[in-house]
Every structure is written in structure tokens, then in C-alpha cells.
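Below is one structure, written out as C-alpha cells; the observations come after it.
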Amino acid sequence: MADTATKTDQYTADDLMKLEGLEGIRKRPDMYIGGRDVNGLHHLVFEIVANSVDEALAGRCNNIVVEFNQDGSCTVTDDGHGIPVGMNKQTGKPGVEMVLTDLHAGGKFEGKAYNTAGGLHGIGLKAVNACSDATVVTVWQGGKEHVIEFSRGNKTKDLKVTGDADRTGTRVMFQPDMTIFETTEFKYAAVATRLRELAFLAKGLKIHLNDHRGEGKDEIFHFKDGIKEFVAWHNRNKTRINEDVVYVHKMVNGGADDEVDVEAAFQWCDGEGELPTHTYGNYINNPFGGTHLTGFRKGLTRGLGRYITRYVEKKGKKKVVMPSGDDYREGLYAVISVKVKNPQFEGQTKVRLLNREVESAVDQVVAEAMEIYLEENPKAAERICEHALIAARAREAARKAREVVRKGALQTGFLASKLADCLTKKPEEAELYIVEGDSAGGSAKQGRERLYQAILPLRGKILNVEKATLAKMLQHTEIQNLIASIGTGIGTEEASKGGFDLGKLRYKKIIIMTDADVDGSHIRTLLLTFFYRQLSQLIDAGNIFVAQPPLYKVTRKKKSEYVRSDREMNDTLMRMGIEGASMRVPGDMEIGAKGREFSGAQMRSEVFERLIKLEELAAKVARKAINPNRYFANFNAEHKSLPTTVIFSEDKARYFHDHEEPELNKFIGERLKKGFEVLTPAEIGNRETDLEVSFNRDAVEERVELPELAAQAAEVIAQLEVRGFPAWTIHGRENQAQQFMLRFEDEEEQPTLSLNELLHKVREQGRKGISIQRYKGLGEMNADELWETTMDPANRVLMQVTMDDADAADEMFTILMGDQVEPRRQFIERHALEVKNLDV
């Protein structure tokens, strides 16, 4: 047999490969950063920030700045000690070069430089370096500024001194490698969530997140009360059972190397289900929990269990369903943070804490704190006990209701009678469309591909699960249909008892398909509320989608096309209007483009595409309560700029450009004489942020900063000027004699005062000879139209439902779908101007 073996069957020493430097990380990034998706991309940011936080843990860092730059790079700056720049005796390399290139080189192995730290393996900054096209590290140390540069794990420029410095700290700028990541676009919300958490955890640490892309965003996270404030912040819009947050911070001694710093904060709120318990080891988020979570649950159950037993006996309650651990955690929001000298995590991404000594330490601290709190706060203790007893009764009622749903699906042939199922039995190929009403359901059933598309029609609006008990929800017919069709079950109980089991999911894609009117939006919101509150695992797994049916059908000369949005409709009308159109700029018109003629295609490429971009930017300006026409009229031709600051003072808008800072300061100084309170510029990492001013509301109503919007719009206007169209031609000007001459095929020339009017006339021309049908409901489409536009995988557009910021999502559903009226009113008032389309 050996003689007949092929070469590919043999495995010898020559088949072994040694990857030099950081090639191992580039070859298998999943092992080090958790994946090539956006989560892996964000992991690079968090690795750098984690090092800065370790500096804070050591008492050497107070400020961290994270910036998303316009070129797609990210910069993290701190005011810590700075990565060592001296020569290492062992390797003969500067310390900063070792930290960026030598696997397992770092200052956290022996515990001399850091008593507790999140980084253990010496991998973090190497992973950033290996997965980046370019990495530039600046270190301020010893009165000097030092810079070293890398590309894809390799040093490209030696460490050199570039100047003097009166500060200490480190700045890391990296450009993610597009050949490694599926996307290199950072998501602001996801990063902001993590940075906010870190600021809560590291009491007193100030973290500044600045997004220079798009409209620009700027937030400073700084919390004096730490995780206690974290819990209070999260529950601010909820009905709280105990008004005070239970907080404990204690050091538990378990030997020289087993000392555990335990910090916990938690509070009960009205509502069903356990709220998230956030767990952290040395400031590192452990999404899968670990020994600190196990210890917390044990301690809570012990401390509350002993008290509630005495409470039931004291009240003389009989036939009581005694609470279990799940009932004690009903409506509980908790944050657990532990710090240990030698943390043990699961994997480089540190999803779970493994230290055994942590479990007993947290158990002990939480049980003691719970007993003390209950004894010292009898009124709050009674409310917590009653809450747990109600949860136990509700759990029993929900169990019975869930059993009815489960048995009903099995015994009554529900799936055959209520659901138009697909033929395939392979979940990875199957899709479930949840559609609104019988009429749309009928079209969808007729137009679908039966092999892999199932249709579940809903009658009316489903129950708002934010306001309903679990037992009531499970009695709602449409929700029963949903649960039985999806197949996973719901809840935290065992799968055999009707609890959630992802392995039983019957469809890879669950697609919400509702009408484009107000009722359709409401039904879609109710469904998303259901999935978020009861089946959030499906959102996390990427199984939930929203269909995007067309808004218009445009027919011209017996040829039809479908349009999905008003923006796309405007583009369609412009495209149709420029067919056979031309524009002439008279020779006596005092602009750079004078004497030129433009075909329809040239109008589109040189003028209209930029006008459309300005329309989009004007809409964003308007949503800040600023008149776009007046704003753009303040374009400064000399500096090629638009105002970056608008101050509404005494019913007037005052505009200030970047180069007009002296005028802005003078304006503020004049207001100081009238009793204004001015906050001096804050310093973060020795760099100044924008001046924050608090005005007397009688004289000044609001100050609006829009530097990113101003930069984008000014760039578009500058592009038009380069093509011979100065800023005033966009809107025209008073007493304007010269005019553009627009001509459509076989028609006379039309004088036109401005570029905006030119675009408007072209769109109006595009309306001629066409029929526009606006779809209000899916039932207005026949089966073929519904398939072609919304269900055919080759043509359809689906939006995947994701959750970048769990806390923000929880707050949104609580405010908009919950019982509290006042937070909802305040939210609507605050965001009314941001509504783009209100379809009534």
C-alpha cells in the first residue's frame, strides 16, 4: 500500500510552515480578534483602549481620546506614562517596537508595572499592527515626542525623536487592512457603548469619542459614581421597585495572589424577565459571564432567599409559590466588576472569566450586601419580596400558557392550517415572510417560491408585549402563531418545557413585510418589540430582516420600473428629464462657465449630482432648525467655507466661520456683561475641545455646532465653483439679469435663474408622459409584482435587524412602547425635527 500512496497522502516535516513575525495573526485573525466582521474591527479599537485603561488602573492615566478620521483610520490617545521608548537589553530593540511586533512581549507578565490589568498575552497591540495597512505610534515621554511607523506588522520607519513635549502619553493611529476585514467602517454606536461602559467602570476616567466622518459626533463619557451611576443611568426611564441602587465594593483576601476586588451595583425594575447582567473582569467585558456571574447569582439567591422565607412566615402567607433564582432576578439590572492580579479568560477575546476564587468572593460579598440592605431598608425589602412572589406566580401561569401553546402546535395541526409553509425541510434554505393582513397574505402566497418561502399572515396589530405580562402574551392568538411557526420556543426554561432553543429554528431568514403606511409602520414596530423582548437571540444570530417593498411604480410607454424611496424617485425623474435636454450658459453671464453648452449627461455629471448632494446636506441642516438657504448664502468664497457655529440670539441666527473665532469670542464677551455663564475650554489629553457656553435663555436660545456638515457642503460648493458655477448660482440672487438657457428636445429655450430651478424644471420634464402609482399597501400589488419587487432574491432589498447598542435599544423600546407617558412626550418633542417622512 505504501508504494501506491500519492504525494498528497504523505505528511512530512517539509509540510510544516513557520510564519515569521506577525504573519500568524494575519493568517488567522479570528484566533486573536474574534473574526473578520465589524466586531473584529472594533476589537482593534478596544485592544488599544484596554491598554490605556490599564494605565488608568495603575493610576497613571486620566483621559482617553478616540477619534474616527475622515480617511477611515482610527486614533486613540491617552495621557498615561507612555509606552517605553528605551532600548531593551534582551532584544536590543526600543520597547515600543517590541510591544508592536514581538509576540508575547509586554509589561504585564510579571506584574511589576501593573498590579491588575486586562491584557495578559502580550497580543493586543500586535493584533492591531498586524491587521492594519498603516500604524503610526507617537509616544510623549521624557520631554520628547517619539514616532515609529509600521505596515501590516512590519516596521517601516525607525523610532525617532520629532520634537519636544510637555506632556506624557501615547497616540496610536491605525488604518484597518481591507484585505482582512469584511468592512473597515467603524460603527459609532457600538464603540460608544463600550467606551461608555469603560467610563462607568473606571470611576473618574474621562473618555472622549470624536467622529470626524459625515455629520460628525462628539461625546464625553465621565462618571463620578462609577457603576452605581451605570445602573441608575440605565433605569432612568423605568419604573423602579427599589429607588436606591444597591451598591457594594469590597476587597476579599484569598492569599497574596488570590485577592479579589469585588464591586457590584443592582436595582429592580417593574417588568417581566431578567434584564442584562453586565460582567467585567479587570474592566474587560465578558459577554458570556463566568465565575463572577455565577457567584453573583448564588449570592443574590442566598441573601434574598433567607429574607423572603422569613417574610412569608411573618405575613402568614399560605399556598405560596416560592420564588426560584430566576424569580429573584426578575426585572433586575446588575453590573458586576471584579479585579484580580492573575485573571484567566476564555480566549484572546476574553468572553468569559474563569478564575475559581472569584466565584466564592462575589457570592460572599453579594449575599452579605443583600442581607444588610434588606434589613436596613424594610419598605424597599417588602417591595422586592412582593415583586419576587409575583414573579413566581407569573412564572407558573406562563409555564401553563406556554405548555398550551406547545401542545396546541403539536396536537391541532396548527402549522398545516395557519401557515402556508414551504416544501424544504432544511432551515438553512427556508424563509418565513410575516405579512400584514389576508389580502397581502393572498398575494404573497400566490407569488412566492413554494420550495423555500413560507407565508404567515397576521390579522390586525399584534399585542404590545412591552406592556403585557408573559401569560397574557402567550394567550394572544397571533403571538401563538408566531411562536409555533418559528419553532424555537421562548423563555429561559429548558427546551423540553417550551424554552428557547436556537437549534429548533425552522427558517434561516424571518422577514417582516408590512405596508408603507402608518399602520404598517406600527405593526412592524410591534413585531420588532416582540422579537427584541422575547426572541432577541434571533436578532443576535442575524435571523431577522425587514423587507423593503417599492413605494412607487413608474410607467412610461408601456414600460414599468419600481422605485423604493422618495430620493430614488427624484433621481428617476431627473434621469428621465435629461433625455434630449441641453443647457446653455450665455456669453455675457459673468461666471467661469460662460459660453459653454451642456448636454443632459453633462448636466447630470457636472452639476446635478452635486446639487443632489447639497439637497441631502440641506435636509440635515434643516433638521437642526437652521434655514438651509440662509445658511448656504453665508458661504465665504475667499476661505471656501461655511459657518461651523450658528447661535440663535434674540430671535436671530448669527453665523460664525472657523476663521472668525475672534468675532465669536467677542460676541460671547458682550453677552457676559448680561450675566451669561461661560464654561472654560475643557482639556482632554492636553488638547482643547470646543468652547462650551451656557447662555441666558432670554437672550440666547441655542448654539449649534456643525463642523462636519459645513466641511462637506463647502467641498461640494467648491467643486461647483471649479466647474465655473459660483455659490450664488445655486439659489440665484436678487436683481439677477443673466439667466441659464434650458432647452428640451423640440422645444424653445427656457430662461432659468438658478441651478436649483434648473434641476426642478428637469424633474418636472421627467414627469411628463409617465404614470406614477404610489403603493399604500402590499395588497395593491398582484402576485407577480410582489414577487418581482419584494420576494425575488435577485431583485429584493432586505434590511437586516442588528443591535449595536443594547442599552440604547432597551431605552428606545422602554420609552416608545412602555407605560410611561412623560419620557415618550419628551422624546417626541426632542426629535420631531428629525422626521423625514410622516405618512398620514
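Each residue of the sequence shown is one higher than the one before, counting from 248 in the numbering used here. Just so you know, even glycine gets a beta-carbon here, dropped at the ideal spot from N, CA and C. None of the values given here were measured: they were computed from a predicted structure.
The residue from 644, 272, 702 with its alpha-carbon nearest to that of residue 669 is 702. Between residue 989 and residue 997, the CB-CB gap stays under 8 Å. Residue 981 counts as exposed, since fewer than 16 other C-beta atoms from the protein chains shown sit within 10 angstroms of its C-beta. Take residue 391, set aside five residues on each side of it, and the residues of its chain with a beta-carbon closer than 7 Å to its own are 408, 411, 412, in chain order. Between the C-alpha atoms of residue 647 and residue 693 there is a straight-line separation of about 37 Å.
Per the C-alpha coordinates, the member of 506, 484, 475 positioned closest to residue 491 is 475.
The segment 1034-1050 makes no contact with the segment 857-868, as fewer than three CB pairs between them are under 8 Å. When C-beta atoms of the segment 834-841 are compared with those of the segment 797-816, fewer than three pairs fall below 8 Å, so the two segments do not count as touching.
Closest in alpha carbon position to residue 851, among 803, 970, 733, 870, is 970.
CA-to-CA, the gap between residue 746 and residue 955 works out to about 48 Å. According to the DSSP assignment, residue 393 belongs to no alpha helix (DSSP H) but to the beta strand (DSSP E) extending over 391-398. According to the DSSP secondary-structure assignment, residue 1017 is paired through a beta bridge with 803.
Sequence-distant Cβ neighbours of residue 690 in its own chain, meaning closer than 7 Å and more than five residues away, are 1025, 1026, 1028, 1029, 1030, 1033.
Going by beta carbons, residue 832 and residue 987 fall inside the 8 Å limit.
Partner residues in the beta bridge of residue 494, as assigned by DSSP, are 512. Remark: C-beta atoms of residue 521 and residue 576 approach each other more closely than 8 Å. Of 1022, 853, 1041, the smallest CA-CA separation from residue 965 is found for 853. Taking all protein chains shown into account, residue 619 has fewer than 16 neighbouring C-beta atoms within 10 Å of its C-beta and is therefore exposed. Taken in chain order, the unbroken stretches of beta strand (DSSP E) that lie wholly in the segment 789-877 and span 3 residues or more are 791-794, 799-803, 806-810, 829-831, 844-846.
The C-beta distance from residue 423 to residue 288 rounds to 6 Å, short enough to fall under 8 Å. In the structure shown, residue 584 falls within a strand segment according to DSSP collapsed to helix, strand and coil.
Pairing residue 279 with residue 374 gives a Cβ-Cβ distance under 8 Å. Between the alpha carbons of residue 842 and residue 830 lies a gap of roughly 11 Å.
Taking C-beta atoms as the reference points, residue 533 and residue 599 count as a pair closer than 8 Å.
Annotation: the continuous alpha helix (DSSP H) that includes residue 954 extends over 954-969. Contact check between the segment 337-346 and the segment 465-480: fewer than three CB pairs, one atom from each, fall below 8 Å, which does not count as touching. Classified as buried, residue 904 has 16 or more neighbouring CB atoms from the shown chains inside 10 Å of its CB. Rounded to whole angstroms, the separation of the alpha carbons of residue 1009 and residue 685 is 41 Å. The segment 446-464 and the segment 555-566 do not touch, with fewer than 3 CB-CB distances between them shorter than 8 Å.
The Cβ-Cβ distance between residue 978 and residue 876 falls below 8 Å.
When rounded, the separation of the alpha-carbon atoms in residue 376 and residue 385 is 14 Å.
With a contact defined as Cβ atoms closer than 8 Å, residue 723 and residue 705 miss out at about 11 Å. Here residue 755 is not bridged, per DSSP, to any residue. The Cβ-Cβ distance between residue 608 and residue 682 does not fall below 8 Å.
In this structure residue 584 is in contact with residue 448, their Cβ atoms being roughly 5 Å apart against a cut-off of 8 Å.
The beta-carbon distance between residue 535 and residue 613, rounded to whole angstroms, is 20 Å. This is too long to meet the 8 Å contact definition.
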